[in-house]
Amino acid sequence: MPGVSAPVVKLVQRTTEPAGVQTLRSTAAAVIAYSVAVWTLPEPAPLTAPLTALLVVQVTLYATLTTGVRRVNSVVVGVLIAIAFSSLVGLTWWSLGLTIFTSLLIGRLVRVNEFVPEVAISAMLVLGVSQVADTAWDRVWETLIGAVVGLLFNLVFAPPVWVRTAGSSIESLATRMGTMLRSMGEEVVGNNPVPRAAARLHEARRLDHDIVEVDASLRQAEESLTLNPRVRQGLLHRVVLRSGLDTLEICAVVLRVLSRTLTDLAKARTEESLFPADVAELLQELFGRLAEAIESFAVLVTTQLAADADVAEQRLADALVRSRATRDRVADLLLEDVQEHPRQWQLHGALLAEIDRVLAELDIDERTKRLGEELDRRSAEAHAHHPRLRALLKRLGRQPD
Numbered sequence: 143m144p145g146v147s148a149p150v151v152k153l154v155q156r157t158t159e160p161a162g163v164q165t166l167r168s169t170a171a172a173v174i175a176y177s178v179a180v181w182t183l184p185e186p187a188p189l190t191a192p193l194t195a196l197l198v199v200q201v202t203l204y205a206t207l208t209t210g211v212r213r214v215n216s217v218v219v220g221v222l223i224a225i226a227f228s229s230l231v232g233l234t235w236w237s238l239g240l241t242i243f244t245s246l247l248i249g250r251l252v253r254v255n256e257f258v259p260e261v262a263i264s265a266m267l268v269l270g271v272s273q274v275a276d277t278a279w280d281r282v283w284e285t286l287i288g289a290v291v292g293l294l295f296n297l298v299f300a301p302p303v304w305v306r307t308a309g310s311s312i313e314s315l316a317t318r319m320g321t322m323l324r325s326m327g328e329e330v331v332g333n334n335p336v337p338r339a340a341a342r343l344h345e346a347r348r349l350d351h352d353i354v355e356v357d358a359s360l361r362q363a364e365e366s367l368t369l370n371p372r373v374r375q376g377l378l379h380r381v382v383l384r385s386g387l388d389t390l391e392i393c394a395v396v397l398r399v400l401s402r403t404l405t406d407l408a409k410a411r412t413e414e415s416l417f418p419a420d421v422a423e424l425l426q427e428l429f430g431r432l433a434e435a436i437e438s439f440a441v442l443v444t445t446q447l448a449a450d451a452d453v454a455e456q457r458l459a460d461a462l463v464r465s466r467a468t469r470d471r472v473a474d475l476l477l478e479d480v481q482e483h484p485r486q487w488q489l490h491g492a493l494l495a496e497i498d499r500v501l502a503e504l505d506i507d508e509r510t511k512r513l514g515e516e517l518d519r520r521s522a523e524a525h526a527h528h529p530r531l532r533a534l535l536k537r538l539g540r541q542p543d
């Protein structure tokens, strides 16, 4: 980017990330909420309104709606508890403790989730003032103003969609899996020392941590698609991404088992080559084909444009065809190798079964079938849970998510 300093470039990049966007959006919403509260309420410093807007405005519209409702509930419940205790006992050390205990207990009963402490905080703040009733209802109005401003802010300025971020995470996971497969292909040639095989197994196990991180990114993307007015066919995008991650997660599990099998073979053949030269050469080719297939699959599930998706699907289909052909040749050679290593025939079978599992998970026809079934299931659930909402959206000419 010529003519722009590096710090400015980094700042722009950070503002496109969830944390940067959240900071800007929350600040703007809080200032607007404070201004509205000052204009409409007699309180000199109605800080509850910007505080509520600050907590209500989340990265996605769905999170904003659900968080806003829970937060308003928590404040109202806390205020009502404070009014009840102030009229009965006033403020003492034991009444304060009883108020906190009651607030936390009732907060869990009304299911405000992470805002359970807010019930007790609201009750304490209101209980500590001299004119409880006036202050209590002012606090309720401030909370309502902050919540409404936060909700309207996300409706007028629709939050971004984090599909691209989730897609990058999925592709990064697939790239790491592909790199691991190519490394395993190199290690089947010649003798594979047990420590090196064990290290590869530990690396495969660490894929679980990567999947957790990708899952968090995908959850954010799913929320950003839900109820977002800028998004059409949000359900399709969510199902494609989620099913794609599920497939990669299964492949990661198989990859771990495959590493275990190769480690066991390395332990059994410490003084000789892991496989004969012709088998090793084909296995190296096969692992490379599998790596290409996994990477092409990730591109397919994260591609938005139809033309690009067709290209990615064709690449995946070609990689699967070549992988299956190479797998069959490997199977024939391993069958001949059983005579030389009769005690390890079960490891040969396990190796082929694990490869078959990866190929089955990446199969295009099976994936299309699973996508159709998942879309039908989710659509049926949405019809059953929100019939009126779906009827309204259909009347407005927008496909419900």
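Residue numbering for the sequence shown follows my numbering, starting at 143 and increasing by one per position.
Backbone N, C-alpha and C fix where the C-beta goes; we use that ideal spot for every residue, glycine too.
Runs of alpha helix (DSSP H) with 4 or more residues, each lying fully within the stretch 177-259, are found at 190-198, 203-230, 235-251, listed in chain order. Taking a C-beta distance under 8 Å as the contact criterion, LEU442 and ALA435 do not qualify as a contact pair. By the neighbour-count definition (other C-beta atoms within 10 Å, threshold 16), GLU355 is an exposed residue. Here the stretch 308-317 does not lie against the stretch 224-234, with fewer than 3 beta-carbon pairs under 8 Å apart. CA-to-CA, the gap between ARG361 and ALA502 works out to about 26 Å.
Counting along the chain, LEU416 sits inside no alpha helix (DSSP H), nor does DSSP assign it H or E at all. When secondary structure is reduced to three states using DSSP, PRO337 falls in the helix class. Taken through DSSP and simplified to helix, strand or coil, GLY430 comes out as helix. Within its own chain, the residues whose Cβ lies closer than 7 Å to the Cβ of SER237, once the five positions on either side in sequence are excluded, are PHE227, VAL231, listed in chain order.
Contact annotation: GLY288 and THR165 have beta-carbon atoms that are not nearer than 8 Å. Nearest to PRO188 by alpha-carbon distance, out of VAL219, TRP279, ARG167, is TRP279. In this structure, DSSP gives ARG318 a helical state, which the three-state scheme calls helix. A residue is called buried when at least 16 other Cβ atoms come within 10 angstroms of its Cβ; VAL472 meets this threshold and is buried. The three-state secondary structure of PHE295, taken from DSSP, is helix. Relative to LEU458, the option among ASP474, ARG469, ALA440 whose CA is nearest is ALA440. Annotation for ALA422: VAL330, VAL331, GLY332, SER415, LEU416 place their beta carbon closer than 8 Å to its own, counting only its chain and skipping 5 residues before and after. Counting the other CB atoms within 10 Å of its CB gives HIS344 a total below 16, which places it among the exposed residues. Using a 10 angstroms sphere on the CB of PHE243, the tally of other CB atoms stays under 16, which defines it as exposed.
Residue environment analysis places ARG431 among the buried positions, since at least 16 neighbouring C-beta atoms fall within 10 angstroms of its C-beta.
When secondary structure is reduced to three states using DSSP, GLY491 falls in the helix class.
Here DSSP, grouped into helix, strand and coil, assigns ASP498 to helix. Relative to the Cα of GLU391, the nearest Cα in the group ALA408, ALA346, SER245 belongs to ALA346. Out of THR412, LEU222, PRO186, VAL199, the CA that lies nearest to the CA of ALA172 is found in VAL199. With respect to the C-alpha of ASP460, the residue from LEU475, ASP479, ALA433, ASP474 having the closest C-alpha is ALA433.
Between ARG509 and ASP388, the alpha-carbon positions lie close to 11 Å from each other. Per the C-alpha coordinates, the member of LEU196, ARG512, ALA195 positioned closest to VAL381 is ARG512. Distance from the CA atom of ARG469 to the CA atom of GLU364, rounded to whole angstroms, is 37 Å. Within the same chain, and ignoring the five residues on either side of GLU313 in sequence, the residues whose Cβ sits closer than 7 Å to its Cβ are ALA440, VAL441, THR444. VAL291 and ASP350 have their C-alpha atoms roughly 40 Å apart. The shortest C-alpha to C-alpha distance from LEU404 to any of ALA339, SER385, GLU427 is the one to ALA339. The C-beta separation of LEU462 from ASP420 comes to about 23 Å, leaving the pair out of contact by the 8 Å criterion.
By the neighbour-count criterion, in which a residue is buried when 16 or more other Cβ atoms sit within 10 angstroms of its Cβ, ARG342 is buried.
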